[in-house]
Each structure stands twice: as structure tokens, then as C-alpha cells.
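Q:
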Ligand code: AMP
Ligand code: ZN
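Okay, here's the thing in C-alpha cells:
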């Protein structure tokens, strides 16, 4: 897709540091890394977000992310992994070509969960479940 930075990376028009590549997917280092080795996994085909991609393609991308997570852990000796995947503006997406963040983690690396922990009441959980299950 013209005007898409990640399509330009796939096409080789913008350079990237490739961690993994196959026929359908590419993984490359994020230029604003949250941690050492922060990698983005993308489908080579342009899909905007999780709501636009076929489920089996999303699943195949998740498989690649799992292998990349293992690779980064083995090579960088990370102690944990955080996977993030933003969708649409409200979901914090800034590049509108679907991508999965694979973020190697170390204890004490000073990254923070993006939400505050606050317990829901049973009534609140029941109400939202009813909303989800409404026919
Ligand atoms: P998101 O906010 O989930 O849409 O993430 C977009 C990510 O793409 C950010 O973490 C950026 O640092 C990263 N990014 C943007 N441009 C490039 C680029 N040319 N090469 C590598 N990563 C990029
Ligand atoms: Zn694209």
C-alpha cells in the first residue's frame, strides 16, 4: 500500500534491521525500542489491524512472534517477554499496518503496565458479561 511506512520496509524502500523473514512475515527492530531487542512482527501483506486481517493469518503471525520471542530470549538472555499489539487510535496504534511488539524484559527494567490495577465488583463483571453475550 502506498504511503504505508511498513509496506515501504517490506518493499526495501526504507531500511530495517531484519530479525526474521519468510514468505509472508517480517520481523525487524523497532527504532524507538522500549527495551534492548524490541522487535516488530508484521505480515508482508498490508492489513490495517486485528479487525481487518483473516484469523488464520493473525494466528500465523502470532506463531512467528512466539519464535521471535524464543530467539530473543535465547540470544539476549532476557528474563521475560511482553507482547503488545495495538489496534486503532483508541487502542494506541500509531502505524496503521498491523504489527505485534515483541519486547524482551528483564526484572528491574523499569517498564510499567499502562493501566492502574483496580478490582471490579461482581456486579460490574456480570453486567459486562451480559452485554457481551446479548443476542
Ligand atoms: P504502535 O504505536 O503500536 O502503532 O507502534 C508503532 C511502532 O513502530 C513504534 O514502536 C515505532 O517506534 C515503530 N516504528 C515506526 N517507524 C519505524 C521504522 N521505520 N522502523 C522501525 N520501527 C518503526
Ligand atoms: Zn502497509
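In my numbering, the protein residues as written are 5 to 139.
All residues carry an ideal CB built from backbone N, CA and C; glycine is no exception.
Nothing here was measured: the structure is a model prediction, and the numbers come from that model.
Using a beta-carbon distance below 7 Å, is residue 71 in contact with chain B?
A: Given the protein chain composition of this structure (a single chain), no chain B is represented.
Q: Under three-state DSSP, which class holds residue 100?
A: Looking up residue 100 in the chain shown gives position 96. Looking at residue 100 - three-state DSSP - the assignment turns out to be coil, as it is neither helix nor strand.
Q: Following the continuous beta strand (DSSP E) through residue 2, name the residue where it begins and the one where it ends.
A: Here the chain comprises residues numbered 5 to 139, so residue 2 is not present and cannot be evaluated.
Q: Among 129, 114, 109 and 138, whose alpha-carbon lies nearest the alpha-carbon of residue 40?
A: Walking along the chain shown from the start, residue 40 turns up at place 36. With distances taken between Cα atoms, residue 40 lies closest to 109.
Q: Assuming the contact rule is C-beta atoms closer than 8 Å, residue 48 and residue 30 should be a hit. Round their C-beta distance to whole Å, please.
A: Residue 48 sits at position 44 when you count from the first residue of the chain shown. Residue 30 sits at position 26 when you count from the first residue of the chain shown. The Cβ separation is near 6 Å, so the contact holds.
Q: For residue 43, count neighbouring Cβ atoms within 10 angstroms of its own Cβ and tell me buried if that reaches 16, exposed if not.
A: On the chain shown, residue 43 is found 39 positions in, with the first residue counted as 1. Buried is the call here.
Q: Cβ-heavy atom distance between residue 5 and the ligand ATP below 6 Å?
A: No copy of the ligand ATP appears in this structure; the ligands present are the ligand AMP and the ligand ZN.
Q: Does the separation of the CB atoms of residue 102 and residue 53 fall below 7 Å?
A: The sequence position of residue 102 within the chain shown is 98, counting from 1. The sequence position of residue 53 within the chain shown is 49, counting from 1. Yes, Cβ-Cβ distance for residue 102 and residue 53 is below 7 Å.
Q: In chain order, what residues have a CB nearer than 5 Å to some heavy atom of the ligand AMP?
A: The answer, residue by residue, is 34, 35, 36, 90, 97, 98 and 99.
Q: Using beta-carbon positions only, say whether residue 51 and residue 11 come within less than 7 Å of one another.
A: Locating residue 51 in the chain shown gives position 47, where the first residue counts as 1. Locating residue 11 in the chain shown gives position 7, where the first residue counts as 1. No, the pair does not count as a contact, with Cβ atoms beyond the cut-off.
Q: Rounded to a whole number of angstroms, what is the C-alpha to C-alpha distance between residue 64 and residue 96?
A: If you number the chain shown from 1, residue 64 lands on position 60. If you number the chain shown from 1, residue 96 lands on position 92. Straight-line Cα distance between these residues: approximately 23 Å.
Q: Between the alpha carbons of residue 7 and residue 85, how many angstroms are there, rounded?
A: As a position in the chain shown, residue 7 is number 3, starting the count at 1. As a position in the chain shown, residue 85 is number 81, starting the count at 1. Distance between the alpha carbons of residue 7 and residue 85: 31 Å.
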